[in-house]
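Numbering (the UniProt record's numbering), first residue to last: 1 to 848. Idealized CB from N, CA, C, for every residue including glycine. It should be emphasised that the depicted structure is a prediction, and the values quoted were computed from it without experimental measurement. Just below is one structure, and these are the notes that go with it.
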Amino acid sequence: MQAVVQLNAPPNTPVFTLQARDPDTDHNIHYFIVRDRTGGRFEVDERSGVVRTRGTDLFQLDMEYVLYVKAEDQNGRVDDKRFQSTPEERLSIVGGKRAPQFYMPSYEAEIPENQKKDSDIISVKAKSFADREIRYTLKAQGQGAGTFNIGPTSGIVKLAKELDFEDLRQPHVYSLVVTATEDSGGFSTSVELTIRVTDVNDNAPKFELPDYQAHNVDEDIPPGTSILKVKAMDADSGTNAEIEYFVSDDHFSVDPSGIISNNKQLDADNNNAYYEFVVTAKDKGEPAKTGTATVRVYTKNKNDEEPKFSQQVYTPNVDENAGPNTLVTTVVASDKDGDNVRFGFVGGGTSSGQFVIEEITGVIRLHNKPISLDRDKYELNVTAMDDGACCVNGDTTIHTSTAVVVVFITDVNDNKPIFKDCGTYYPKVEEGAPNGSPVIKVHATDEDKGVNGQVKYSIVQQPNQKGTKFTVDEETGEVSTNKVFDREGDDGKFVSVTVKATDQGEPSLEGVCSFTVEITDVNDNPPLFDRQKYVENVKQDASIGTNILRVSASDEDADNNGAIVYTLNSGSNPADLDYFEIQPESGWIVLRKPLDRETYKLEATAQDKGIPPLSRSVEVQIDVVDRANNPPVWDHVVYGPIFIRENFPVGAKVVSVKASSGIDNNPTVFYRLMPGSTAQTNKFHTFYLQQRPDNGFTWADIKVNHPLDYETIKEYNLTIRVENNGAQQLASEATVYIQLEDVNDEIPLFTEREQETVLEGEPIGTKVTQVNAIDKDGTFPNNQVYYFIVDSPRNEGKDYFEINKETGEVFTQVVFDREKQGAYALEIEARDGAPSARPNSDNEPNSE
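Dropping the structure here:
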């Protein structure tokens, strides 16, 4: 035992507490100093075991003070002069130092026998008062050496080898000692660790024999007669070894002792004159384990059996158009007594309505005369009669039995799958969602039966679409993404998808459902300024509050993700910011105080309102010009909005703009169409500028450079810069807003080519299918689709069907007879709702 005493500890300072344990409940423990090697510097409280200092002298640093102590149980005598006591124990007390201390006086843990090797069991940690590293060791007291180990620095006790509760060589309780020793010659201390191993139900019950047999058991013994006894053992302990018995045949039962009895009358004619079943022994562990054995009970026969059909109910299927003599089914019966069997219908005879039965073979066929199968099913009662040949010297009674044959008339595939809730599908998917993200679960029903009504799903390829943007689980109808969508890219805000449901009939029928998936926005685009740098001239005497220039940024995201707020920051000179401010919503930079330098450099930032927000900055340079110099002056600072049709010709003039030089004797100006950072601001040179003189002025004509498309970009924001030709060239800018108008230049496209069926004899007005076409034009009525049956001699089905021009539903106009004609080709045209803007269209709507 070790302890530490402070060098200046006053008298009666506790330094250690002696602790002894006595298993007796009536113990009376006292503590004593047996030998004192300290010169009387310490004393011990006889009852509490607390060791305290004596005297006022200082203790010396690193000096060891040694006491030899013991504990006596004064309620337990060895003889008249001695009490039961512990051996002498050495207590080392060092001046100025203190041994490590465990956080608990002792440790306990409980683990199951199937604890995995090298797994953690418990953490045993000690504190070093000298702030040194502690190393841990583990020692077994008694059995168990090598069963556990401890991390030398972590204090984590692990299992070193596998346990087995049933192994008599392994204890169920391990007593261990963990020692914590400080590095570099420090102190050490120890603590007791007790680990208990619990039983796991890892042994199944085992029968003494794998097979049990009982011979010559009379089939007429009364229920409850004992037949044989089985016995199983379980190597586990406690409830894990308690066994219950069960049997798999309800003719028998088993009691807790393993005695098997019959529950009901036995029959020697069943199962080749013997019963074979499984007896199971099940323990009461959690989870329970079982063991099995086979039991055979051999019985004696009597002539008491009637013919038995192979099944009590036969359910053959016959096509509704089957002809005479068609095979329906074969009934089978056997007599366990060995008799011959003959078949017939109940009431006698071998004919019943539409059906006949062969007396010897049991074959049932349709009658050989013309028949009409006009029901869903027919129910036949058949008989099997033995001839008593098995037991000539015994009972010659004739036995009969009956069975039922239910003949189902097979349905034909005359209903196609229908998406009843198609009109309610409005799914959404977030842009950027990973490939395979769920979108919606569609469901189609087919009123046919069997495989004719089993539906599988697939995606219909959209016209002019490369690859499929969605996939569908063919069994469940779960639609998922097949790509990562970009709302601001080619995918757009809405994506059309068509799902097809196909039944498994021959030939198969199909139904389709088209719906639109909304691509919801995420804040994945930072604002983009319409130019890479802003440069503006301002006169030196500009007044406070003057609008200097306007910065403009756009954000392709939607709502708050695309809403922009502008801020202004200083460039290289922080003082520049004192002269200007920016309007956060409009982007106008405004003069705050009189100008006194030639050039100011600022930085404008556009930040959206998304979460988290995205931003982008641009350099702004403001050059101060002399009061006598004037920049060019525009006739209009803003032109537009100017509306042009999306089929506006390449090379055609959109608008003419003009500015004066601002210099009385020098009217020369130069125009430039500034390229922006986005397609809408002429990044791809969709427009170009031509400069021309006219009547003493210089004009700039804005013309179309590339074909326009309303469905791709609907509006443009162009910036035109003009410079004069003065000694100090000055410039100013104007904005041209151009908005496109949709024209009918897209052709409706059918989502798929269909093959449909209709039953002969169906009444006029029967719905056959519904076709669907999509027009990509951007506005009504250019994208409105109407449907027509093509009036052409080539269209053989034109007189037999009609179509709803708005919904695309196709209906019959006649009652069909399959024997006259089995198939019709029907050509349907989809037209949009306005005159075509395509070349050579004769002002007619677009159609496919």
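| Asked | Found |
| --- | --- |
| Alpha-carbon to alpha-carbon, E474 and V517 | 19 angstroms |
| Contact between the segment 566–580 and the segment 658–668 (3+ Cβ pairs under 8 angstroms) | no |
| Between the CA atoms of A281 and H215 - distance to the nearest angstrom | 23 angstroms |
| Buried/exposed call for D218, threshold 16 Cβ in 10 Å | exposed |
| Backbone secondary structure at P574 - three-state DSSP | helix |
| Runs of alpha helix (DSSP H) wholly within the UniProt domain "Cadherin" (530–634) (minimum 4 residues, chain order) | none |
| With 16 other Cβ atoms within 10 Å as the buried cut-off, status of M385 | buried |
| 8 angstroms CB neighbourhood of S401 in its chain, flanking five on each side removed | E306, P307, K308, F309, A333, T383 and A384 |
| N381 versus R365: straight-line alpha-carbon distance, rounded | 14 angstroms |
| Beta-carbon proximity list for T38, same chain, < 6 angstroms, skipping 5 on both sides | Y65 |
| Beta-carbon proximity check, F102 vs A126, cutoff 7 angstroms | yes |
| CA-to-CA distance, V522 to A700, given in whole angstroms | 41 angstroms |
| Neighbour-count burial assignment, V551, 16 or more Cβ in a 10 Å radius | buried |
| DSSP three-state assignment for G833, whether helix, strand or coil | strand |
| 3-residue-minimum beta strand (DSSP E) runs that sit fully inside the UniProt domain "Cadherin" (644–750), ordered along the chain | 653–660, 669–674, 687–694, 697–704, 715–724 and 731–741 |
| N149 vs K139 beta-carbon contact at 7 angstroms | no |
| Exposed unless 16 or more other CB atoms sit within 10 angstroms - verdict on V177 | exposed |
| With 16 other Cβ atoms within 10 Å as the buried cut-off, status of T53 | buried |
| Proximity to V328 [Cα-Cα], best of T698, F355 and E581 | F355 |
| Three CB pairs or more closer than 8 angstroms across the segment 27–38 and the segment 57–73 | yes |
| Within 7 angstroms, strictly: CB atoms of V638 and T735 | yes |
| Where the beta strand (DSSP E) through Q84 begins and ends | F83 to S85 |
| Paired residues, beta bridge with G291 - DSSP | A281 |
| Own chain partners of T807 with C-beta closer than 7 angstroms, once the 5 adjacent residues on each side are dropped | Q770 |
| Residues of its chain near D269, where Cβ-Cβ distance is below 7 angstroms and the 5 sequence neighbours each way are ignored | N301, E305, K336 and D337 |
| Beta-carbon proximity list for G545, same chain, < 8 angstroms, skipping 5 on both sides | V590 and L591 |
| Host beta strand (DSSP E) of C513 (start-end) | E510 to T520 |
| N695 versus P667: straight-line alpha-carbon distance, rounded | 12 angstroms |
| Option in S188, S841 and K714 with minimal Cα separation from I738 | K714 |
| Beta-bridge partners of R21, as assigned by DSSP | Answer is none; R21 lacks a bridge partner. |
| Assigned exposure category for S732 - 16 Cβ within 10 Å defines buried | buried |
| Cβ-Cβ distance between F345 and E359 below 7 angstroms | no |
| Local Cβ density within 10 Å of L209, reported as buried at 16 or more and exposed below that | exposed |
| N- and C-terminal bounds of the beta strand (DSSP E) containing E431 | First-last for E431: undefined, no H or E at that position. |
| Cβ distance (whole Å) where T599 is taken to contact Q621 below 8 angstroms | 7 angstroms |
| Spatial neighbours of W634 in its chain, beta-carbon cut-off 6 angstroms, leaving aside the 5 residues before and after | A659 and A734 |
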